[in-house]
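With our numbering applied, the sequence shown covers 606 to 669. Please read the structure below before turning to the comments.
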Amino acid sequence: MTWYNGVIIYVLLMEIETTRERMIQFAFEEGFTSQNTVEASQFLDLLLNELYRIQLNIRLYLTA
606 MTWYNGVIIY VLLMEIETTR ERMIQFAFEE GFTSQNTVEA SQFLDLLLNE
656 LYRIQLNIRL YLTA
């Protein structure tokens, strides 16, 4: 794993945490089915999928 992969993962983890906190705040203030909550949830899904993809590629690279 190169140094920039670590940086990318770190930044992605920070964005995941920020988005998660925003989603929870929207859910408390506006309800679980509000447009803001749903959009934050969908964006969080994208971030988590990207993190999974990066981690999978790193594992595949290290085992090749």
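Glycine included, every Cβ here is placed at the ideal spot set by N, Cα and C. Predicted model only: the values in this text are computed from it and were never measured.
Proximity test, Cβ basis, 8 angstroms: residue i and chain D
i	result
N641	The structure shown contains no chain D; it holds only a single protein chain.
Same chain, Cβ closer than 8 angstroms to residue i, neighbours up to 5 away in sequence not counted
i	result
E635	N641, T642
N610	I659, I663
Proximal residues to residue i (C-beta, below 7 angstroms), its chain only, five neighbours per side dropped
i	result
E620	L652
N- and C-terminal bounds of the alpha helix (DSSP H) containing residue i
i	result
S646	640-668
T623	608-635
Separation of residue j from residue i, as counted between CA atoms
i	j	result
E644	L665	32 angstroms
M628	L649	8 angstroms
T624	Q630	10 angstroms
Proximity to residue i [Cα-Cα], best of the options
i	options	result
I614	E626, N654, Q630, T638	N654
L617	E626, A669, L667, L656	L656
E622	S646, L667, A669, F633	S646
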